[in-house]
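What follows is one structure encoded as structure tokens, with my remarks underneath.
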Amino acid sequence: MSEKPATLPNMRLNVLILSLCQACLFTANAVLIASAALVGFALAPDPMYATVPVGAVFLFGMGFALPASILMKYIGRRKGFQLGLVFSISGACLSGFAVTQQSFVLFCFGIALIGVGNAFGGFYRFAAADVSTESYRSRAISYVLAGSVVAAFIGPNLVAFTKNSIIEAAFAGSYYTLALVYSISLILVSFLKVPEAKKSNVIEEKRPLREVAKQPEFLLAVVSATVGYGVMNLLMTSTPLAMNVRDMSFGLTALVIQWHIFSMFAPSFFTGHLVRIFGDLSVIGTGVVLLFLSILVSFVLGDSFLAFCLALVLLGLGWNFTFLGGTTLLTKTYRDSEKAVVQGVNDLCVFSIVTCTAILSGVLHHIWGWYILNAGATLPLILVAMMVIWVKRSRVTSPATSPVT
Numbered sequence: 421m422s423e424k425p426a427t428l429p430n431m432r433l434n435v436l437i438l439s440l441c442q443a444c445l446f447t448a449n450a451v452l453i454a455s456a457a458l459v460g461f462a463l464a465p466d467p468m469y470a471t472v473p474v475g476a477v478f479l480f481g482m483g484f485a486l487p488a489s490i491l492m493k494y495i496g497r498r499k500g501f502q503l504g505l506v507f508s509i510s511g512a513c514l515s516g517f518a519v520t521q522q523s524f525v526l527f528c529f530g531i532a533l534i535g536v537g538n539a540f541g542g543f544y545r546f547a548a549a550d551v552s553t554e555s556y557r558s559r560a561i562s563y564v565l566a567g568s569v570v571a572a573f574i575g576p577n578l579v580a581f582t583k584n585s586i587i588e589a590a591f592a593g594s595y596y597t598l599a600l601v602y603s604i605s606l607i608l609v610s611f612l613k614v615p616e617a618k619k620s621n622v623i624e625e626k627r628p629l630r631e632v633a634k635q636p637e638f639l640l641a642v643v644s645a646t647v648g649y650g651v652m653n654l655l656m657t658s659t660p661l662a663m664n665v666r667d668m669s670f671g672l673t674a675l676v677i678q679w680h681i682f683s684m685f686a687p688s689f690f691t692g693h694l695v696r697i698f699g700d701l702s703v704i705g706t707g708v709v710l711l712f713l714s715i716l717v718s719f720v721l722g723d724s725f726l727a728f729c730l731a732l733v734l735l736g737l738g739w740n741f742t743f744l745g746g747t748t749l750l751t752k753t754y755r756d757s758e759k760a761v762v763q764g765v766n767d768l769c770v771f772s773i774v775t776c777t778a779i780l781s782g783v784l785h786h787i788w789g790w791y792i793l794n795a796g797a798t799l800p801l802i803l804v805a806m807m808v809i810w811v812k813r814s815r816v817t818s819p820a821t822s823p824v825t
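Here our numbering is used: the first residue of the sequence shown is 421, the next is one more, and so on.
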């Protein structure tokens with residue numbers, strides 16, 4: 421039996437709950453972004469491995485993305501999200517304990533558990549699409565991502581307020597506080613009104629993944645989200661290290677991260693409308709331009725605080741347009757019977773690249789420095805720009821292949 425269309429009140433309530441859960445998720449991620457590399461720097465046997473804990477978040481997020489998607493197909497979204505949050509709470513507590521014990525390995529293991537939880541939380545945006553009407557879908561995804569705006573202000577400040585709450589164990593209190601943040605999400609998820617997973621009595625034709633992947637829109641959707649997230653993560657993760665090398669205070673670093681996260685999600689209040697008005701390809705293309713501008717600013721303005729702040733703001737804006745545009749485009753490429761695998765494969769691709777950039781950012785920054793790192797990030801952006809042109813031309817030649825019915 422296919423799921424009944426969501427009524428308007430339930431649809432908006434679900435989107436609100438998912439938006440609040442997204443806010444909690446990225447508040448926690450903001451804490452990780454602002455602190456994990458610095459904790460890694462303090463605990464690691466070699467400074468080169470400072471960003472390995474950040475990489476662990478994305479590595480396990482990558483590894484569990486597809487299993488999480490398939491599992492939720494059978495147990496439902498709500499139970500899946502609850503299971504993920506149990507992993508996150510456990511990981512946050514273990515990470516805090518690891519800092520008090522000065523154990524780099526234990527810290528990485530705790531962060532890895534948070535990564536497992538993030539694999540489930542990464543589907544908040546798809547859950548919003550699932551419970552929304554087609555006309556509301558792009559806005560629902562946008563509003564859920566917009567929930568992360570609060571993370572821009574709460575996350576870095578949460579680190580600043582809790583950093584020294586446990587004497588002689590900097591940042592331990594920050595990770596114990598994360599457990600409370602994840603617990604709030606666990607309570608919110610219990611009110612989610614998503615239809616439970618049911619076995620279908622109607623046999624819907626399910627295409628092989630390779631056939632789905634032949635669609636130009638599918639390829640662009642995955643590449644846009646993957647490259648946008650990968651470039652953003654590469655530069656964002658190495659920013660605290662780059663600022664630390666230039667003897668900038670943690671307060672300035674937290675401020676840069678704060679405005680970066682704000683710029684990542686604030687546009688989400690209207691990006692969904694832009695997709696509806698101008699189309700997904702225009703939004704993705706604009707995102708690529710913004711990411712190029714971010715890199716250009718780093719070269720033009722140099723090592724100043726203003727340069728880092730403006731570059732990271734543009735980086736966040738570019739991520740929003742490429743990621744949200746790619747996500748919206750992806751929802752047009754699969755049937756209901758295919759969504760678990762397609763969504764899972766998409767997030768597997770995204771987190772694979774994000775994992776690599778998180779792990780390698782510290783190493784590459786240590787070896788090459790901030791400017792070469794920025795220069796290298798332009799190469800995948802050229803690929804996305806070329807694919808936008810390709811898909812636009814393919815729509816002109818075969819317009820009937822774009823939507824999936």
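Idealized CB from N, CA, C, for every residue including glycine.
### Message
Assuming Met-656 is part of the alpha helix (DSSP H), what are its boundary residues?
### Response
That run of the alpha helix (DSSP H) goes 636-665.
### Query
For Arg-630, is the classification buried or exposed, using 16 other Cβ atoms within 10 angstroms of its Cβ as the cut-off for buried?
exposed
### Query
Just the Cα atoms here: how many angstroms apart are Leu-750 and Ile-453?
Annotation: Leu-750 to Ile-453 spans about 27 Å, alpha carbon to alpha carbon.
### Query
Out of curiosity, what's the CA-to-CA distance linking Val-762 and Phe-546?
11 Å
### Query
Whole-angstrom Cβ separation of Ala-470 and Ala-464, contact assumed at under 8 Å?
Right, their Cβ atoms sit about 6 Å apart.
### Message
Within 8 Å, do at least three Cβ pairs link the stretch 653-667 to the stretch 675-693?
### Response
yes
### Query
Going along the chain, which residues of its own chain have a beta-carbon closer than 8 Å to the beta-carbon of Asn-584, five neighbours each way excluded?
Ala-590 and Gly-593
### Task
Return yes when the Cβ of Ala-485 is within less than 7 Å of the Cβ of Gly-764, no when it is not.
yes
### Per-residue DSSP class, three states only, for Pro-467
helix
### Query
Below 7 Å between beta carbons: does that hold for Val-451 and Leu-612?
no
### Message
Once the 5 residues before and after Tyr-595 are set aside, which same chain residues still bring their CB inside 6 Å of it?
### Response
Ala-512, Ser-515 and Gly-516
### Query
Leaving out the 5 sequence neighbours to the left and right, which residues in its chain are closer than 8 Å to Arg-627 when beta-carbon positions are compared?
Arg-755 and Glu-758
### Query
What is the rounded straight-line gap between the Cα of Ala-532 and the Cα of Val-816?
45 Å
### Message
To the nearest angstrom, how far is the alpha carbon of Phe-741 from that of Ser-562?
### Response
10 Å
### Query
Going by beta carbon distance, what residues of the same chain come within less than 7 Å of Met-668, once the five residues before and after it are set aside?
Excluding sequence positions up to five before and after Met-668, its CB lies within less than 7 Å of the CB of Phe-725, all in the same chain and listed in chain order.
### Query
Ala-572 and Phe-682 look like a contact to me (Cβ under 8 Å); what is the Cβ gap, rounded to whole Å?
3 Å
### Query
For the candidate residues Leu-655, Ile-607 and Asp-767, whose alpha-carbon lies nearest to that of Ile-792?
Leu-655
### Task
Determine the contact status of Leu-716 and Val-808, defining contact as a CB-CB distance below 7 Å.
no
### Message
Please state whether the Cβ-Cβ distance between Ser-605 and Cys-444 is less than 7 Å.
### Response
yes
#### Entry: Leu-744 and Thr-691 closer than 7 Å at C-beta
Cβ distance < 7 Å, so Leu-744 and Thr-691 count as in contact.
### Message
Quick check on Arg-497: buried or exposed, where buried means 16 or more other Cβ atoms within 10 Å of its Cβ?
### Response
buried
### Task
Let me know the secondary structure DSSP gives Asp-723 once reduced to three states.
coil
### Message
Helix, strand or coil, according to DSSP, for Arg-559 in the structure here?
### Response
Helix, per DSSP.
### Query
Does the distance from the CB of Trp-739 to the CB of Met-652 come in under 7 Å?
yes
### Query
Hey, out of Phe-501, Arg-559 and Ala-641, whose CA is closest to Pro-534's CA?
According to the sequence shown, residue 534 is Ile rather than Pro. It is Phe-501.
### Task
Could you name each continuous alpha helix (DSSP H) segment of 4 residues or more that falls completely within the stretch 706-784, going from the start of the chain to the end?
725-750
### Selection from Cys-776, Leu-801 and Leu-768 that minimises the alpha carbon distance to Gly-542
Minimum Cα distance to Gly-542 is reached at Leu-768.
### Task
Could you work out which residue in Gly-567, Gln-635, Gly-722 and Leu-578 is closest to Gly-671 when comparing CA atoms only?
Leu-578
### Query
For Met-492, does the count of other Cβ atoms within 10 angstroms reach 16, so buried, or fall short, so exposed?
buried
### Query
Can you tell me where the alpha helix (DSSP H) with Phe-501 in it begins and where it stops?
497-520
### Message
Taking the beta carbon of Thr-646 as the centre, do at least 16 other beta carbons fall within 10 Å, making it buried, or is it exposed?
### Response
buried
### Query
Would you say Ala-566 and Phe-712 are within 7 Å of each other, going by their C-beta atoms?
no
### Query
Do Val-695 and Val-703 have their C-beta atoms within less than 7 Å of each other?
yes
### Message
Suppose you measure from the CA of Thr-673 to the CA of Val-632; what does that come to, to the nearest Å?
### Response
43 Å
#### Entry: Simplified DSSP assignment, three categories, for Thr-825
The predicted position of Thr-825 is uncertain, since its pLDDT is 42 and thus under 50; no value can be drawn from it.
### Task
Count the other CB atoms, across all protein chains shown, that sit within 10 Å of the CB of Thr-753; report buried if there are 16 or more and exposed otherwise.
Classification for Thr-753: buried.
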